[in-house]
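**Student:**
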Amino acid sequence: MAKIVCVLYPDPVDGHPTRYARDNIPVIRSYDGGQTAPTPSAIDFTPGEMLGDVSGELGLRKFLEAAGHELVVTSDKDGPDSVFEREFVDADVVISQPFWPAYLTRERIARARKLKLALTAGIGSDHVDLAAAAERGITVAEVTWSNSISVAEHTVMMILGLVRNYLPSHDWSRKGGWNIADCVAHAYDLEALQVGIVAAGRIGQAVLRRLKPFDVKLHYNSRHRLPAALEQELGLTYHSEVKDLARVCDIVSLHCPLTPQTDGMFNASMIASMKRGAYIVNTARGRLVDRDAVAQALKSGHLAGYAGDVWFPQPAPADHPWRTMPWEGMTPHISGTTLSAQARYAAGTREILECFLTGKPIREEYLIVQGGGFAGTGAHSYAAA
Ligand code: NDP
């Protein structure tokens, strides 16, 4: 029987919800491109309810315990005395989420002698040392597509929020003010701006599609060029180098995985090469940008705004400069964990576990690392080009 250690974010401060704003969520059976939504044999939860916190347990306990497996669920993940530190050493499976990542470093992987599967309940497995996992023959899998649209929607919201100065204007209304001039002194229209995305994968393409009706000029960089018909349909300008895109765009949105090649991509010199008054939106990974260079560029006025919901490390310390820098539109890492997304990634987590526990192959598109190297989605998105 397997031991499964699952690290999830803590319950809400007022306790696990018992009532919800809406009675249900739409049923989504497949994604753009045709991949089917998760197909576990059954689910033991109600879609639309909180599943990603500790009490939600991803809806896994009944299923796992009925089959005789052990499930440990905790949010206590950091420090030498944490529950995770104690429990992962003899786990067969570690489930973690990018929102509240249990970092599976090389050193931890060396101590996790029984570990066979590192499962990301969401998308983005950079919290696992993928090279160390490959060397140990550990499979790394994630629920590809489960929250891609959730993130794309959040990205469009952040772009509009920054350009139109939504959050500071909202603050004036909450404070009881009617300070029109204060609000609009930093507000513009999105229409006709040059908007570029880095990485035209699932999220990147969904962002491009959602921005198209705003009549912006769209640019992209990716290692592989999109089909000519799609470039034409969306009116895309391709840049083979990120620096060329950065130079011409008013808004740059990041959608690549964190890899040795993308780590620190938007450093001080890349930011300095951008137009004065440009905006950066980052819903991909905090380490894609240089923390202090962003804060400095906002202070100096070189950047007009920065929004994102990804930080490093997570949770971010209380004194992280992105919490207080000017013209920021930060959220804690939430874009991919709406109640709608949770239903999909919880079902996908169960599907992957069902396969793993019964010796069936895990869907190719869910694989990042398997058999000692990159596989499936990992072979396209994480492997060096
Ligand atoms: P995909 O695998 O669909 O897309 C990633 C794309 O990145 C690939 O198409 C790859 O395409 C491109 N890429 C890889 N390396 C580079 C590089 N060096 N330069 C430019 N492009 C590169 O993943 P998703 O779109 O689903 O997710 C992307 C990332 O978003 C995840 O890895 C994760 O970090 C983050 N994410 C964040 C979430 C959140 O809650 N905030 C939730 C979900 C994901 P090509 O090789 O063709 O360039």
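Heads up: the sequence shown at position 178 corresponds to 756 in the working numbering, and the numbers run straight through without jumps. Beta carbons: idealized from backbone N, C-alpha and C, even for Gly.
Return yes when the Cβ of A885 is within less than 8 Å of the Cβ of G657, no when it is not.
**Tutor:** At a Cβ-Cβ threshold of 8 Å, G657 and A885 do not count as neighbours.
**Student:** Would V565 be called buried (16 or more neighbouring beta carbons within 10 Å of its own) or exposed?
**Tutor:** Residue numbering for the chain in the displayed model covers 579 to 963; residue 565 lies beyond these limits and cannot be assessed.
**Student:** Within a Cβ cutoff of 6 Å, which residues of the same chain sit near T698, ignoring the five residues on either side of it in sequence?
**Tutor:** E720
**Student:** For Y816 and E769, what's the separation of their Cα atoms in angstroms?
**Tutor:** 20 Å
**Student:** Any heavy atom of the ligand NDP closer than 7 Å to the Cβ of Q839?
**Tutor:** For Q839, the Cβ falls inside the 7 Å cut-off from some heavy atom of the ligand NDP.
**Student:** Checking the sheet assignment: what are the DSSP bridge partners for G954?
**Tutor:** Note: G954 sits in no beta bridge, so no partner.
**Student:** From E929, E932, V872 and A921, pick the residue whose C-alpha is nearest to that of P904; which is it?
**Tutor:** V872
**Student:** Please name the residue in P910, A953, G926 and D622 whose C-alpha comes closest to that of M736.
**Tutor:** The shortest C-alpha separation from M736 is found at P910.
**Student:** Out of V776, A712 and K821, point me to the one whose CA is closest to H802's CA.
**Tutor:** V776
**Student:** Restricting to Cα atoms, I'd like to know which of E819, C761, G937 and V820 is closest to N743.
**Tutor:** C761
**Student:** How big is the Cα-Cα spacing for Y598 and K938?
**Tutor:** 36 Å
**Student:** Considering only the alpha carbon of each residue, which of S918, T916, L876 and G926 lies closest to T902?
**Tutor:** L876
**Student:** Run the proximity test for L812: is its beta-carbon closer than 7 Å to any non-hydrogen atom belonging to the ligand NDP?
**Tutor:** Outside the cutoff, so no.
**Student:** Given this structure, state the Cα-to-Cα distance separating A921 from L629, to the nearest angstrom.
**Tutor:** 7 Å
**Student:** Helix, strand or coil for K640? Go by DSSP, reduced to three states.
**Tutor:** helix
**Student:** D870 by DSSP, collapsed to three states: which one?
**Tutor:** helix
**Student:** Rounded to a whole number of angstroms, what is the C-alpha to C-alpha distance between K821 and S851?
**Tutor:** 8 Å
**Student:** Helix, strand or coil: how does DSSP classify T733 here?
**Tutor:** helix
**Student:** Using three-state DSSP, classify I606 as helix, strand or coil.
**Tutor:** coil
**Student:** Would you mind working out which of H705, I701, A696 and G700 sits nearest A679, comparing C-alpha positions?
**Tutor:** The identity of residue 679 in the sequence shown is Pro, whereas the question assumes Ala. Nearest C-alpha to P679: H705.
**Student:** Count the other CB atoms, across all protein chains shown, that sit within 10 Å of the CB of K692; report buried if there are 16 or more and exposed otherwise.
**Tutor:** exposed
**Student:** Any heavy atom of the ligand NDP closer than 7 Å to the Cβ of I727?
**Tutor:** no
**Student:** Looking at the secondary structure, which residues open and close the alpha helix (DSSP H) in which C584 lies?
**Tutor:** Careful: C584 lies outside any alpha helix (DSSP H), inside the beta strand (DSSP E) at K581 to V585.
**Student:** Using DSSP bridges, identify the partner residues of L649.
**Tutor:** Paired residue(s): I582.
**Student:** Can you tell me whether M908 is buried or exposed? The criterion is at least 16 other CB atoms within 10 Å of its CB, across all chains shown.
**Tutor:** Under this definition M908 is a buried residue.
**Student:** How would you write the range of the alpha helix (DSSP H) that Y857 sits in, first residue to last?
**Tutor:** From DSSP, Y857 is part of no alpha helix (DSSP H) but of the beta strand (DSSP E) over A856 to N860.
**Student:** Would you decide whether M579 is buried or exposed? Buried here means 16 or more other CB atoms lie within 10 Å of its CB.
**Tutor:** exposed
**Student:** Indicate the three-state DSSP secondary structure (helix, strand or coil) for W750 in the structure shown.
**Tutor:** helix
**Student:** Would you check whether the ligand NDP has a heavy atom nearer than 7 Å to the C-beta of R863?
**Tutor:** yes
**Student:** Ordered along the chain, which non-local residues of its own chain (more than five positions away) have a Cβ less than 8 Å from that of D962?
**Tutor:** The question names Asp, but residue 962 is Ala in the sequence shown. The answer, listed in chain order, is T837, P838 and Q839.
**Student:** Looking only at DSSP bridge pairs, what is W678 linked to?
**Tutor:** Q675
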